[in-house]
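Structure, as structure tokens:
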Amino acid sequence: MAWLSIIGALFLQYSIFHIIRFIYRHWFRKPFSWELYRGEWAVVTGASYGIGAAYAVELAKRGLNVALLARSIDKLRDVAQQVESKGAKSQVISFDFAKASSEDWKQLENQLNSLTVSVLVNNVGVNVSLPTAFLEMEEEKMDQILQVNIVATQRITRIVVPKMVERRKGVVLFLSSGGGVLSPAPYLSVYSGTKAYENALATALAGELESSGIIVQSVTPFFVTSEMSKIRKSSLAVPSAARLARDSLQSVGYEVCSNPYWFHECIATILSYLPLKLQIRYVAKLHRGLREKGLRKSAQKKE
Numbered sequence: 000m001a002w003l004s005i006i007g008a009l010f011l012q013y014s015i016f017h018i019i020r021f022i023y024r025h026w027f028r029k030p031f032s033w034e035l036y037r038g039e040w041a042v043v044t045g046a047s048y049g050i051g052a053a054y055a056v057e058l059a060k061r062g063l064n065v066a067l068l069a070r071s072i073d074k075l076r077d078v079a080q081q082v083e084s085k086g087a088k089s090q091v092i093s094f095d096f097a098k099a100s101s102e103d104w105k106q107l108e109n110q111l112n113s114l115t116v117s118v119l120v121n122n123v124g125v126n127v128s129l130p131t132a133f134l135e136m137e138e139e140k141m142d143q144i145l146q147v148n149i150v151a152t153q154r155i156t157r158i159v160v161p162k163m164v165e166r167r168k169g170v171v172l173f174l175s176s177g178g179g180v181l182s183p184a185p186y187l188s189v190y191s192g193t194k195a196y197e198n199a200l201a202t203a204l205a206g207e208l209e210s211s212g213i214i215v216q217s218v219t220p221f222f223v224t225s226e227m228s229k230i231r232k233s234s235l236a237v238p239s240a241a242r243l244a245r246d247s248l249q250s251v252g253y254e255v256c257s258n259p260y261w262f263h264e265c266i267a268t269i270l271s272y273l274p275l276k277l278q279i280r281y282v283a284k285l286h287r288g289l290r291e292k293g294l295r296k297s298a299q300k301k302e
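Heads up: the sequence shown begins at 0 in numbering that gives the first Met the number 0, then just goes up one per residue.
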């Protein structure tokens, strides 16, 4: 049975190696240096609240000016004040990614081309308000999710990246999701499908743009406190948007597909050892529970 001992020893070495790498990556690795980007512009989509707003503030802390894009001009102005409180400049651009016309996109392109944009955070996204079965989703909602999460994200990337290539310098982040990339997401089928697409797009672009000096990274978190997740209080498993943004900006330039918050990587690792059918059943049960809880809350508000 010597071969069993050999296999056991190899598995132990493999496990120790990955544990050491995990600890190094999250607590000892040198953070990405943003010094070369100070004074230049970052574009953050979906920047009016939550993760997008958190990225905007964290980028401002690192010396970048920030162009803020979202529908709500009032919310954007609030975020702009936070950005400027860090000593950075801000530019507020009200833009509806779901309904923008060709003329709207052309105007946006002209606005962004007037700035030296070195960073793009593709954060804008739409989801269902509650986990919903695919066959029960309204087609209009499906179309909106596809339009914002895929078409609009592609389009703004095509607008911003060519100038980065000319200067041979830039960072492009895609806010994907653990749901759909690292684990299945029943009852969030269309949303998770778009996030899997974003991850595939990001990893492909990383290979295409590396020789042009552009860093492309897909960020794949699980639940984060935000209006979209409807989770208001952070916990060990659910970091604040600020924590996610901070950890993400420190991890730029290392992994192409990044799970920057340490506990989320633990979750992803555990899930990877489970059979896919078991993952599907677990997540389906979790999402059905979240739907039922949300429906109960809605019913209570109406009473």
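A virtual CB, placed ideally from N, CA and C, is assigned to each residue, including glycine.
Review point. What's the call for GLU165, buried or exposed, on a 16-neighbour Cβ count within 10 Å?
Key: So GLU165 counts as exposed.
Check your understanding: Looking only at its own chain, which residues have a Cβ that is under 6 Å from the Cβ of GLN90, when we skip the five neighbours before and after it?
Key -> The answer, listed in chain order, is ALA66.
Check your understanding: How about the region 280-296 and the region 83-102: do they share at least three Cβ pairs that are nearer than 8 Å?
Key -> Cβ pair count under 8 Å is below three, so no.
Review point. Taking the beta strand (DSSP E) that LEU172 falls in, what are its first and last residues?
Key: Counting along the chain, LEU172 sits inside the beta strand (DSSP E) bounded by residues 169-174.
Review point. Anyone know if the C-beta pair for ALA205 and VAL255 falls short of 9 Å?
Key: Yes, Cβ-Cβ distance for ALA205 and VAL255 is below 9 Å.
Point to revise | Where THR268 falls, given that 16 or more other Cβ within 10 Å makes a residue buried | key: Classification for THR268: exposed.
**Study point:** Close beta carbons around TRP104, own chain, < 8 Å, minus the five adjacent residues each side
**Key:** Once the five neighbours on either side are set aside, the close Cβ partners of TRP104 are ARG154 and ILE158.
Practice item. Work out the CA separation of HIS25 and TRP261 for me, nearest whole Å. Key: Those two C-alpha atoms are separated by around 6 Å.
Point to revise | Own chain residues within Cβ distance below 6 Å of SER47, not counting five before or after | key: Same-chain partners within the cutoff: ALA69, SER71, LYS74 and LEU75.
Practice item. Measuring alpha carbon to alpha carbon, tell me which of SER100, SER101 and ASN64 ends up nearest GLU83. Key: For the residues SER100, SER101 and ASN64, the minimum Cα distance to GLU83 belongs to ASN64.
Practice item. Write down every uninterrupted run of the alpha helix (DSSP H) in the region 73-114 whose length is 4 residues or greater and which is fully enclosed by it, in chain order. Key: Segments of the alpha helix (DSSP H) lying fully in the region 73-114: 101-112.
Practice item. Please go through the same chain and pick out, in chain order, the residues whose beta-carbon is closer than 6 Å to the beta-carbon of PRO183, but skip the five residues on each side of it. Key: When the five nearest sequence neighbours on each side are left out, the beta carbons in the same chain lying within less than 6 Å of the beta carbon of PRO183 are those of GLN278, ILE279 and VAL282, in order along the chain.
Check your understanding: Does the Cβ-Cβ distance between GLY124 and VAL147 come in under 9 Å?
Key -> Yes, Cβ-Cβ distance for GLY124 and VAL147 is below 9 Å.
Review point. In the structure shown, what three-state DSSP assignment does ASN148 receive?
Key: Collapsing the DSSP output to three states places ASN148 in a helix.
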